[in-house]
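> Numbering (this note's numbering), first residue to last: 253 to 330. Cβ coordinates follow ideal geometry from the N, Cα and C atoms, glycine included. Every value quoted in this text rests on a predicted model; they were computed, and no experiment measured them.
1) Below 8 Å between beta carbons: does that hold for residue 260 and residue 270?
2) For the alpha helix (DSSP H) holding residue 332, just list the boundary residues, first then last.
3) Taking DSSP's pairing of strands, which residues face residue 321 in a bridge?
4) For the putative contact between residue 331 and residue 318, defined by C-beta atoms under 8 Å, what is the C-beta separation to the nearest angstrom?
5) In whole angstroms, give me the CA-to-CA distance for residue 320 and residue 330.
This is how it looks when you write it as structure tokens:
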């Protein structure tokens, strides 16, 4: 089941302000943000995506390996 997130939550996940998120959406840099189990993925208009993994307490994972994927210091799956 998908969980919709707010603009504020999406901005926090991506480490940007709401104004920056809105500008990115308005300029076609980010098409939408979708929450999925154990992480968040955002898609640009070109279809590029980034995955971020979160623990049950809501904290973002960094500098680790999850499901065989390396998670960098920015929280993005490499």
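Let me lay it out:
1) The Cβ atoms of residue 260 and residue 270 sit closer than 8 Å to each other.
2) The displayed coordinates of the chain run from 253 to 330. Any statement about residue 332 would go beyond what the structure contains.
3) Residue 321 pairs with 318.
4) As displayed, the chain neither begins before 253 nor continues past 330, which places residue 331 out of reach and without an answer.
5) If I take the Cα positions, the gap works out to 11 Å.
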